[in-house]
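Residue numbers 14 to 397, in the working numbering, belong to the letters of the sequence shown in order. The beta carbon of each residue, even a glycine, is placed where N, CA and C say it ideally should be. This structure is a prediction, so every number in the text was calculated from the model and none was measured.
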Amino acid sequence: MDLSLTPEAERYGEGLRAWVEDNLPQEWRDVPLGTGNDDDYVAMRRTWGRQLAEAGWMAPHWPVEYGGRGLGVDAQLAYLDVMVGSGAPEPMNTNGLNIFAPALMQFGSPAQKERYLAPMVAHEEVWCQGFSEPQAGSDLGGLSTRAVPDGDRLIVSGQKVWTSYAHFAQLCYLMVRVPGESGGVTMVVLHMDRPGVTVRPLRNSTGSSEFCEVFLDDVVVDVDDIVGEIGGGWRAATFALARERSSGMAQRSLQMARELDRMVGALRAEVPDSTPETALVDAYVRSRAVDSTVRRVLAMAADGQEPGMLAPCAKILWSEGHQAQLGTLVELAGAQVSAAGPGWSDWTRALLFSRAETIYGGTSEIQRNLVAKAMGLPSDRGQG
Ligand SMILES: Cc1cc2nc3c(=O)[nH]c(=O)nc-3n(C[C@H](O)[C@H](O)[C@H](O)COP(=O)(O)OP(=O)(O)OC[C@H]3O[C@@H](n4cnc5c(N)ncnc54)[C@H](O)[C@@H]3O)c2cc1C
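Rendered as structure tokens:
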């Protein structure tokens, strides 16, 4: 597989690198994911996304009419290289841009694409993902949020949970079930300011409220906001989830190698007596395996190929490898990290938030089930 960039993508990357060096504030670099003061963290990511979009760097591989630059898909690799190389934060709309937008481009109506894609790139509207429910996480097919047709609208009632940044989002791509239809699973766009939407943030172990409960009581969704067909939501959801496990996690996965370099620097400075060789070499090997696998997944996408089993492999390698990497830090720096000692608080937050990485986007068990299925083996519960 050819992992090199076209000259056009190279030129785009060079321009972006120079712009980032001039425009990315030092204090926005290498901020741990999903942690800290929610308002400040979200404002940083939203401003960053807005600035990138205003300067024309966002979504380089998207068509120009949707706010992109109309370049080849390999320009996305150039974009990621610059972001990872500079320790930039993920723009706020990463969820919408990488997960929902590809599904909207594939299954949405021309009017929906025109209405939603350009404001998403511009960060005028922030998106969240309304898939998981209290009784339907891994088993998304068991979702019970109901959408009852009523003329040119649907009346939606139910509850979602773990909805990341719902308290900052204007829009949500939401999975519902239309009763009476065969299967009935349907993807719709929900406007978060509609009457009947209640968002309750949940506090996680880092002290931040990355995710929320979302309660829906007779909320109106226009039929024009059904993505694809009533009952066609399963295809749209699986398409979106496959993107979540590939391009959706690419920046944080590739950032693992940079984090390891910083970790080695911190250990040298703070714990010069530690004898870290073997554990750090193992971490290095893991981070390189993640890097290669993620690049291969992205290159396949650039080549118009489906990554298939390689996407769950990349998710397992990154999420478990990253937890192990931060586990090595605790092993070597000890209680200073686990107790957020002076100089270590960012690392403590990264460590705590990394526990979620083997859960969101599909748990490690579910990823293994997908790999098992592709290998022709039974999964550990005979499904998945
Ligand atoms: C930080 C974070 C952010 C999130 N953001 C969002 C979001 O924005 N939107 C959204 O919709 N969801 C989000 N989620 C939810 C996430 O997708 C679910 O937590 C995940 O899919 C698991 O579902 P569950 O929590 O209901 O656990 P369950 O599905 O109840 O699983 C419990 C345990 O059983 C195991 N298990 C379940 N089924 C099987 C099986 N068939 N075979 C083997 N083992 C199995 C699981 O691996 C797990 O260990 C987020 C989660 C986290 C932690």
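Go through the region 25-97 residue by residue and report every complete run of the alpha helix (DSSP H) that reaches 4 residues or more, in order.
Complete alpha helix (DSSP H) runs here, min 4: 51-67.
Residue 382 Cβ short of 7 angstroms to ligand 1 heavy atom set
Remark: the C-beta of residue 382 is in contact range of ligand 1, defined as less than 7 angstroms to any heavy atom.
Might you give, ordered along the chain, the residues of its own chain that have their beta carbon closer than 6 angstroms to the beta carbon of residue 191, omitting 5 neighbours on each side?
For residue 191, where only same-chain residues beyond five positions count, the Cβ hits under 6 angstroms are 160, 197, 199 and 243.
Buried or exposed: where does residue 251 fall if 16 or more other Cβ atoms within 10 Å of its Cβ makes it buried?
Around the beta carbon of residue 251, fewer than 16 other beta carbons lie within 10 angstroms, which makes this residue exposed.
For residue 145, verify whether its CB is less than 7 angstroms away from any heavy atom of ligand 1.
Yes, ligand 1 has a heavy atom inside 7 angstroms of this Cβ.
So, are the CB atoms of residue 300 and residue 323 less than 8 angstroms apart?
For the 8 angstroms CB-CB criterion, residue 300 and residue 323 do not form a contact.
Is the Cβ-Cβ distance between residue 113 and residue 139 less than 8 angstroms?
No, the Cβ-Cβ distance between residue 113 and residue 139 is not below 8 angstroms.
Among 193, 315 and 330, nearest to residue 86 - alpha-carbon criterion
Of the candidates 193, 315 and 330, the one whose C-alpha sits nearest the C-alpha of residue 86 is 315.
So, for residue 19: in the same chain, excluding its five sequence neighbours on each side, which residues have a beta-carbon less than 7 angstroms away from its beta-carbon?
Cβ neighbours of residue 19 beyond the five flanking positions: 85 and 87.
Might you give, ordered along the chain, the residues of its own chain that have their beta carbon closer than 7 angstroms to the beta carbon of residue 325, omitting 5 neighbours on each side?
Closer than 7 angstroms at the Cβ level, and outside the excluded window around residue 325, lie 258, 380, 383 and 384.
Among the residues of its own chain, which have a CB less than 6 angstroms from the CB of residue 134, if the five just before and after it don't count?
Only 66, 71, 72 and 80 meet the Cβ criterion.
Coil, strand or helix - residue 18 by DSSP
In the structure shown, residue 18 sits in coil (DSSP, three-state: anything other than H, G, I, E or B).
To the nearest angstrom, how far is the alpha carbon of residue 29 from that of residue 117?
Roughly 27 angstroms between the two C-alpha positions.
In its own chain, which residues sit with a C-beta less than 6 angstroms from the C-beta of residue 397, not counting the 5 before and 5 after it?
Because residue 397 carries a pLDDT of 37, less than 50, the predicted location of this residue cannot be relied on, and the following value inherits that uncertainty. Excluding residues up to 5 positions away in sequence, 379 and 382 lie with their Cβ nearer than 6 angstroms to the Cβ of residue 397 in the same chain.
Assumed close pair residue 268, residue 227 - CB separation to whole angstroms, cut-off 8 angstroms:
Residue 227 and residue 268 do not touch by the CB rule: their CB atoms are close to 29 angstroms apart, not below 8 angstroms.
Using C-beta distances below 8 angstroms, list every residue in its chain close to residue 313, excluding the 5 sequence neighbours before and after it, in chain order.
For residue 313, where only same-chain residues beyond five positions count, the Cβ hits under 8 angstroms are 14, 319, 320 and 323.
Can you grab the Cα-Cα spacing for the pair residue 395 / residue 143, in whole Å?
Confidence at residue 395 is low in this model, with a pLDDT of 45, below 50, so the placement of that residue should be treated as unreliable; the coordinate-derived value is given next. Their backbone Cα atoms lie some 27 angstroms apart in a straight line.
Count Cβ pairs between the region 37-44 and the region 214-224 that sit closer than 8 angstroms; are there 3 or more?
Look at the beta carbons and you see the region 37-44 not touching the region 214-224: under three pairs across the two are nearer than 8 angstroms.
Quick check on residue 481: does DSSP put it in helix, strand or coil?
Shown here, the chain extends from 14 to 397; a query on residue 481 therefore has no answer.
Please return the same chain residues whose Cβ sits closer than 7 angstroms to the Cβ of residue 236, not counting the five positions on each side in sequence.
Within its own chain, the residues whose Cβ lies closer than 7 angstroms to the Cβ of residue 236, once the five positions on either side in sequence are excluded, are 165, 166 and 167, listed in chain order.
Report the three-state DSSP secondary structure of residue 190 (helix, strand or coil).
Correct three-state label for residue 190: strand.
Here's the rule: buried if 16 or more other CB atoms are within 10 angstroms of the residue's CB, otherwise exposed. What is residue 291?
The residue is exposed, with fewer than 16 neighbouring Cβ atoms inside 10 Å.
Close Cβ partners of residue 77 (< 7 angstroms) along its chain, the five nearest in sequence each way excluded:
These residues qualify, in order along the chain: 83.
Given residue 231, which residues of its chain have a CB within under 7 angstroms of its CB, disregarding the five upstream and five downstream residues?
In its chain, beyond the 5 residues on either side, 168, 170 and 209 have a beta carbon closer than 7 angstroms to the beta carbon of residue 231.
Count the CB pairs spanning the region 355-370 and the region 327-335 that are closer than 8 angstroms, and state whether there are at least three.
Short answer: they touch.
Does residue 39 pass the burial test, meaning 16 or more other C-beta atoms within 10 Å, or should it be called exposed?
Counting Cβ neighbours within 10 Å, residue 39 comes out exposed, since fewer than 16 surround it.
Mapping the DSSP letters down to three states, classify residue 482 as helix, strand or coil.
Because the chain in this structure spans residues 14 to 397, residue 482 falls outside the shown range and cannot be described.
Kindly indicate which residue of 247, 162 and 229 has the alpha-carbon position closest to the one of residue 154.
It is 247.
According to DSSP, is residue 204 part of a helix, a strand, or is it coil?
Three-state result, residue 204: strand.
Where residue 350 sits in the DSSP three-state scheme
DSSP places residue 350 in helix when its eight states are reduced to three.
Does the distance between the C-beta of residue 51 and the nearest non-hydrogen atom of ligand 1 fall short of 7 angstroms?
No, the beta carbon of residue 51 sits no closer than 7 angstroms to any heavy atom of ligand 1.
Beta-ladder partner(s) of residue 176, from DSSP
Residue 176 pairs with 225.
In terms of residues, what are the limits of the alpha helix (DSSP H) holding residue 298?
Note, residue 298: alpha helix (DSSP H), 290-315.
For residue 126, the nearest candidate out of 308, 202 and 223 (CA to CA)
Closest option to residue 126, Cα to Cα, is 202.
Distance CB(residue 330)-CB(residue 363) smaller than 8 angstroms
Cβ atoms of residue 330 and residue 363: not closer than 8 angstroms.
With burial defined as no fewer than 16 other Cβ atoms inside 10 Å of the residue's Cβ, what is the status of residue 221: buried or exposed?
Label assigned to residue 221: buried.
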